[in-house]
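Numbering (our numbering), first residue to last: 10 to 328.
We put the CB at the ideal spot given by N, CA and C, even for glycine.
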């Protein structure tokens, strides 16, 4: 019998403050209509003082553990995907570990921006299948509000804060992760990046993006990697029950679905409520669709994302 990494539980967490387009328009030169027409976003959540990437990640992890019916001490691996860690070091994963009361487990961060959760999932899956761990917390968490230029209406309206988590358990059977595919192409750094860092400016920096070029790459890359991961898993598009994409922009989601011939009703969309939460967006959307009953046990689910770097990836699983 094949041993796979099975999703045992899911959870998510959002900051307490919800910011609507109308509220944002009071301080930024924009309107609700302008934002909705171009992105599909109607609101986002913004972390307050005391709410950090690690605190949001910890809350999401606790809810995933509760959903799985497990204790924190059952976990022997934490992989946290983020581009906005609490500190340069140590990793935010170790802060989650300490907050959960785990004395010792493998814990580290993965940095692949919006694709970070797919990278973290693939790493955890490899470690579970190799026997280096038996149960893992895989988390995507971000506080992108801390790196936004709030005077740049082209970017500040797009992003929000939040966290999503899942518990992976090494089990024998047909359920679990069937295939993963990851890519990166560093030649496109200047299309989506942060203009600071410890070894260059000694500052955190602000997010910068050339939206039109990113859109063009996103549609091509995401459609390509989805086809790749389905082929690796021995699946056809018709066999897919749900696609849970990175929630970057409603137009990207629509264009990717059309390119693949996927009906829009099979695509989980939460970008309107959460905006783009980078590495948190896929697990946030997954948690939403599981908890509202759309995604059921044994459904074939495909996850996909693309982020700065560029990085992009996908995973196929039987939930």
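Distance between beta carbons of residue 288 and residue 90, contact taken as under 8 angstroms
4 angstroms
Determine the DSSP secondary structure at residue 91, reduced to helix, strand or coil.
coil
Just tell me which of 195, 324 and 304 has its CA closest to the CA of residue 4.
No answer is possible for residue 4: the residues shown for the chain start at 10 and end at 328.
Among the candidates 18, 158, 116 and 230, whose CA atom is the shortest distance from the CA of residue 192?
230
Can you find at least 3 beta carbon pairs, one from the stretch 19-34 and one from the stretch 59-71, that sit closer than 8 angstroms?
yes
Go through the stretch 23-69 residue by residue and report every complete run of the alpha helix (DSSP H) that reaches 4 residues or more, in order.
30-33 and 41-48
Enclosing alpha helix (DSSP H) for residue 296 [first to last residue]:
290-300
Does the stretch 262-269 come close enough to the stretch 286-305 that 3 or more CB-CB pairs lie under 8 angstroms?
no
Please report the distance separating the alpha-carbon of residue 186 from that of residue 80.
22 angstroms
Give me the residue from 11, 257, 16 and 12 with the minimum Cα distance to residue 305.
16
Helix or strand or just coil, what does DSSP make of residue 284?
coil
Mark residue 254 as exposed unless 16 or more other C-beta atoms lie within 10 angstroms of its C-beta, in which case mark it buried.
buried
In terms of residues, what are the limits of the alpha helix (DSSP H) holding residue 139?
125-139
Please state the DSSP three-state secondary structure of residue 322.
strand
Hey, quick one: how far does the beta strand (DSSP E) through residue 267 stretch, first residue to last?
Not the beta strand (DSSP E): residue 267 falls in the alpha helix (DSSP H), residues 259-269.
Just reading off the alpha helix (DSSP H) that residue 101 is part of, what are its end residues?
101-109
Does the stretch 25-33 come into contact with the stretch 46-53, if we say contact requires no fewer than three beta-carbon pairs (one atom in each stretch) closer than 8 angstroms?
yes
Leaving out five residues on either side along the sequence, give the residues of the same chain with a beta carbon under 6 angstroms from the beta carbon of residue 212.
205
Spatial neighbours of residue 172 within its chain, please: C-beta separation below 6 angstroms, excluding the five flanking residues on both sides.
22, 65, 66, 69, 150 and 289
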